[in-house]
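Residue numbers (this note's numbering): 4 to 167. Glycine is no exception: its CB is placed at the ideal position from the N, C-alpha and C atoms. Contents: one structure, followed by commentary.
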């Protein structure tokens, strides 16, 4: 198995695992911040979509006009790492979910043919945790699983049963 195939497999595994939890929370509950929590589903899912785009596409190739349709600049701003759940405005739960799904589909489709030689190049945008494009791809599922844990906690705080 190539290192790209392995990275994409891990990215897809993390997304399937996260999606299993996301799917159990009704969209009507996505903007509810449970008592004792600092976040809600809408921010977690939107941030996960934004991060997957930034780690897997934006650091491997320049932003394109098609990317604005895939994940608008406004979406990237609302769900950036510096943003707060209270600042999530202008997007419905349905829109956030659609971007979450679209970005993941694009990552798997587009990167399947990414040149192996380019994986050792520095990312187009630097990141303090990695220095190559393959490392960006390897970090993506780790980052997703961090947020999967937060999603799991939020869904439990919303009264959902555990998922094993």
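Query: Keeping to the same chain, check which residues put their C-beta closer than 8 Å to that of residue 5; ignore five residues upstream and five downstream.; Result: 119
Query: Provide the residue(s) that pair with residue 133 in DSSP beta bridges, ordered along the chain.; Result: 130
Query: Give the secondary structure of residue 39 by DSSP, where H, G and I count as helix, E and B as strand, and everything else as coil.; Result: coil
Query: Whole angstroms are fine: how far does the CA of residue 21 sit from the CA of residue 156?; Result: 12 Å
Query: Fully enclosed by the segment 34-83, which beta strand (DSSP E) runs are 3 residues long or longer?; Result: none
Query: Considering only the alpha carbon of each residue, which of 96, 58 and 89 lies closest to residue 109?; Result: 58
Query: Any contact of the segment 57-77 with the segment 127-143, i.e. 3+ C-beta pairs under 8 Å?; Result: yes
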